[in-house]
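Before any comments, here is the structure.
Chains as they are written, first to last, in UniProt numbering: chain U, 1 to 210; chain A, 1 to 327.
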């Protein structure tokens, strides 16, 4: 195992992304598909979990710290504290379960309003499980309409067949890269003490003390 | 060090959760001694770890001692605990023999008494009551210990029992209902005892019987802490070299030799924890108690736990002993 910490790859930006949505819609599966390109039976997420992935998008080397939260209501007091500082939030629903879609407006959008600290934070709506087309109860149009109303990006995907999974994260990240206020944060990241990071721009040095 | 999810022989165990007909009985696969399907082939075959012969004898001796201590069907247990609490404590720390865990857990927790005091209640809960959590529970059943032989078969006996216990609990304790994660607790119990026994033990653990709810956890939190420290100490040299992302993975997948209870627990009990932690905890609580009280029902559980911490009755310290590392 190459493990010397000095060989840590460099990156231009660090982004914090968050996955939210009802229990069982496939948040953890989406994340597993994206970070490890695999699909399996996963245990319910207790509290929070997170994975890191290095990607190159839009010509930039990016380190994505993706937080995966428990969907069950009981854990909401816990998960709410993870919205802080996220540059991107992915709201996931299950196209075969109506209530996971209606809860977006009733619950999840409100959670974002309450707890997100980034005004410009990019939101993305993702309808998962499109592989079960015959069981679909939420139409694509409904998804599009919701996304328009709430100002989100929108995609339908399947963690099982991997359709559109990469695109979800890619589109979200591209939009973040397009948003100057988020970029500034991503480069002079608050998590600097945890993630060894090279300040990419000279402007970061103005705040240094010596 | 990547842990594959695909099982041996390249056989995939992907089971999607759509179909409702009872699943086929999964083909027999190599399992560990607890019944979990072995996931790794990367451990070389030489590591078959056949326990040495003398260990087998030791285990036999241990079982005989325990049987004597418990008596037939647990008849001598209470008497023994009262007479020789220190012996009980020492033996528990050495490990309850696997074949007796089901019974001993029921005795220690007092769930046996709950069961005897409430004949027919479990059946009533399972058959006649309905729960608002039924769908939530069903959704999690196939996600609970999917790699254990007992729970592997779709709608098999394991999954059915797990569903029954969780549903019964969610009715019995409507304030709490079903909380994700309970399945792993109930599932573990079901590996050692019948449905009804498992249900009452779950009740004893979560709502309290002899002990306050989860008292063991809070009295024993120091033990949990020490076990954690022992794991970290054991793996120190490897962990310290890892970059952050790999560290997360490593902390979730400790090597098997680190998890060997015969070495891990003695190491854990040898670690001394200073009182400083306790002081910090009190300081923290003092500061937070005001804000906690304001947040209302969301934190009801935490507050309940707090109350319980101050109401631990001395006579129960027999079974979940106070730590005495300050020799």
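We treat Cβ as the ideally placed atom computed from N, Cα and C, and that holds for glycine.
Cα-Cα separation, residue i to residue j
| i | j | result |
| --- | --- | --- |
| residue 211/U | residue 152/A | With chain U covering 1 to 210 only, the question about residue 211/U has no answer from this structure. |
| residue 69/A | residue 79/A | 9 angstroms |
| residue 328/A | residue 128/A | Lying before the first or after the last residue shown, residue 328/A is absent from chain A, which here runs from 1 to 327. |
| residue 174/U | residue 182/U | 11 angstroms |
| residue 97/U | residue 42/U | 19 angstroms |
| residue 164/U | residue 171/U | 10 angstroms |
| residue 151/U | residue 145/U | 10 angstroms |
| residue 146/A | residue 83/A | 43 angstroms |
| residue 130/A | residue 161/A | 16 angstroms |
| residue 102/A | residue 71/A | 15 angstroms |
| residue 142/A | residue 238/A | 35 angstroms |
| residue 179/A | residue 30/A | 32 angstroms |
| residue 25/U | residue 147/U | 18 angstroms |
| residue 12/U | residue 60/U | 6 angstroms |
| residue 105/U | residue 264/A | 49 angstroms |
| residue 132/U | residue 100/U | 15 angstroms |
| residue 63/U | residue 29/U | 20 angstroms |
| residue 172/A | residue 150/A | 25 angstroms |
| residue 223/A | residue 200/A | 25 angstroms |
| residue 236/A | residue 258/A | 11 angstroms |
CB contact check: residue i to chain U, cutoff 8 angstroms
| i | result |
| --- | --- |
| residue 112/A | no |
| residue 181/A | yes |
| residue 143/A | yes |
| residue 257/A | no |
| residue 85/A | no |
| residue 197/A | no |
| residue 329/A | Residue 329/A lies beyond the stretch modelled for chain A, which goes from 1 to 327, so this question has no answer here. |
| residue 237/A | no |
| residue 173/A | no |
| residue 26/A | no |
Proximity test, Cβ basis, 8 angstroms: residue i and chain A
| i | result |
| --- | --- |
| residue 70/U | yes |
| residue 186/U | no |
| residue 189/U | Unreliable positioning characterises residue 189/U in this predicted model, as indicated by a pLDDT of 44, which lies under 50. The coordinate reading is nonetheless provided below. Judged by the 8 angstroms Cβ criterion, residue 189/U is not in contact with chain A. |
| residue 136/U | no |
| residue 176/U | no |
| residue 37/U | no |
| residue 162/U | no |
| residue 43/U | yes |
| residue 20/U | no |
| residue 88/U | no |
| residue 144/U | no |
| residue 108/U | no |
Cβ-based burial, residue i [other Cβ within 10 Å; buried from 16]
| i | result |
| --- | --- |
| residue 298/A | Caution applies to residue 298/A, whose pLDDT of 46 falls short of 50 and renders its modelled position unreliable; the model cannot decide the point. |
| residue 183/A | buried |
| residue 296/A | Low confidence applies here, because residue 296/A scores a pLDDT of 48, under 50, leaving its location unreliable and the question unanswered by this model. |
| residue 99/A | exposed |
| residue 44/U | buried |
| residue 154/U | buried |
| residue 282/A | exposed |
| residue 407/A | Because chain A is modelled from 1 through 327, residue 407/A falls outside the range shown and cannot be assessed. |
| residue 284/A | exposed |
| residue 20/U | buried |
For residue i: DSSP bridge partner residues
| i | result |
| --- | --- |
| residue 218/U | Since the displayed chain U opens at 1 and closes at 210, residue 218/U lies outside it and no answer follows. |
| residue 156/U | 127/U |
| residue 94/U | 128/U |
| residue 148/A | 36/A |
| residue 175/U | Residue 175/U is not bridged to any residue. |
| residue 60/U | 57/U |
| residue 224/A | In DSSP, residue 224/A forms no bridge with anything. |
| residue 212/U | Residue numbering for chain U in the displayed model covers 1 to 210; residue 212/U lies beyond these limits and cannot be assessed. |
Which of helix, strand or coil DSSP assigns to residue i
| i | result |
| --- | --- |
| residue 38/A | coil |
| residue 187/A | helix |
| residue 310/A | Any reading at residue 310/A is ruled out, since the residue's pLDDT is 36, under 50, leaving its predicted position unreliable. |
| residue 273/A | coil |
| residue 72/A | helix |
| residue 138/A | helix |
| residue 104/A | helix |
| residue 171/A | helix |
| residue 107/U | helix |
| residue 31/A | strand |
| residue 282/A | helix |
| residue 150/U | helix |
| residue 77/U | helix |
| residue 193/A | coil |
| residue 84/A | coil |
| residue 38/U | coil |
| residue 180/U | helix |
| residue 262/A | helix |
beta-carbon residue i near the ligand SAM non-hydrogen atom, thresh 7 angstroms
| i | result |
| --- | --- |
| residue 225/A | This structure does not include the ligand SAM; it has no bound ligands of any sort. |
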